[in-house]
Amino acid sequence: MDEHGPLCVGIDPHPGLLAAWGLGDDAAGLREFALRVVEALGGRVAALKPQSALFERHGSAGVAALEEVLGACRGTGTLSVLDVKRGDIGSTMAGYAQAYLADGAPLAADAVTLSPYLGLGSLAPAVELAHQTGRGVFVLALTSNPEGAGVQHAVGPDGRSVAAGVVDGVGALNAAGPAAQGLGSVGLVVGATVGPAVRELGIDLAASRAPLLAPGFGAQGAGRAEVTEVFAGAERAVLASTSRAVLAAGPDGLLRAVEDATAEVRAALGR
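Residue numbers in the sequence shown follow the numbering used here, run continuously in steps of one, and reach 307 at the last position.
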């Protein structure tokens, strides 16, 4: 983020975007779409974030395209965050970890998104492998979808919300992790449009030492007021995620769209 700015661009080959780019809604179309994004933006943003589901829906050919896209990210030196939101237990979680975080794995990314709702401890295989291979994970904490609050804001027997427990647990993992200071390798997903939830739930994002993957910028409209409300004191940790606001500019407008989005995010974060 210090070198390329605080922007993460999603690679989301939705059918509508493929059509707008003049591409077919098939594996060949999404492959061309995604590789154009990598070619245009590699080395110009902090990270690129392929949405795995939009590749998986095209079966084995779509997954093969995803492998190629992740390899292309590595070729540009740009960090990849694979948005898979996996969460399971035991050997199944270990399998997911091997798929996405092991050296030499075809789908290896620099980081993945994980769901902690089978218990944060269930993610241990992924966290441990990420530490071993120098990769990272982003754990869902406070998401911007309205349905998320019913689970994330729920209060347990200890009087703490589920989201607060996730943040506290991630903070403990970072305290015990390989990075003695600065940001840890276990991040959090916190929507930039969650409003007063962080304050009302008594959450201290800065204390977690977590990188903060923050959807909500761009098309969802998060600006300075929303950032101040959600990330006060932790702005330096925010990796702002946007997709539609950049991708809708089309292949010829990507660079200008990224420049505009980066300026807007920097202004919102005071960076």
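In this text, a Cβ means the ideal position worked out from N, Cα and C, and glycines have one as well.
Which residues does DSSP pair with residue i in a beta bridge?
| i | result |
| --- | --- |
| R122 | L150 |
| V173 | V148 and V222 |
| G131 | Answer is none; G131 lacks a bridge partner. |
| S197 | V191 |
| S158 | DSSP, once it has assigned bridges, lists no residue as partnering S158. |
Could you tell me whether the Cβ atoms of residue i and residue j are closer together than 8 Å?
| i | j | result |
| --- | --- | --- |
| G223 | L248 | yes |
| G172 | S221 | yes |
| V202 | A177 | yes |
| A293 | A281 | yes |
| E271 | R307 | yes |
| L43 | V301 | yes |
| L209 | A273 | no |
| P86 | A70 | yes |
| L237 | A185 | no |
| A138 | L165 | yes |
| H40 | V73 | no |
So, helix, strand or coil for residue i, using DSSP?
| i | result |
| --- | --- |
| A166 | helix |
| V282 | helix |
| S88 | helix |
| A250 | strand |
| L43 | strand |
| A261 | helix |
How far does the beta strand (DSSP E) with residue i in it extend, from its first residue to its last?
| i | result |
| --- | --- |
| G227 | Neither: G227 is in no beta strand (DSSP E) and is coded neither H nor E. |
For the ligand ATP, I want to know if residue i counts as a neighbour, meaning its beta carbon is within less than 7 Å of at least one of the ligand's heavy atoms.
| i | result |
| --- | --- |
| G289 | The model depicted lacks the ligand ATP and carries no ligand whatsoever. |
Can you tell me the Cα-Cα spacing of residue i and residue j, whole angstroms?
| i | j | result |
| --- | --- | --- |
| T264 | V234 | 11 Å |
| D240 | V175 | 16 Å |
| A299 | H50 | 26 Å |
| E75 | V105 | 10 Å |
| G78 | P142 | 19 Å |
| S88 | L118 | 7 Å |
Starting from residue i, trace the alpha helix (DSSP H) both ways and give me its first and last residue.
| i | result |
| --- | --- |
| G184 | Where G184 is concerned, there is no enclosing alpha helix (DSSP H), given that its DSSP letter is neither H nor E. |
| G65 | A63 to L77 |
| A55 | P51 to A56 |
| T298 | L290 to L305 |
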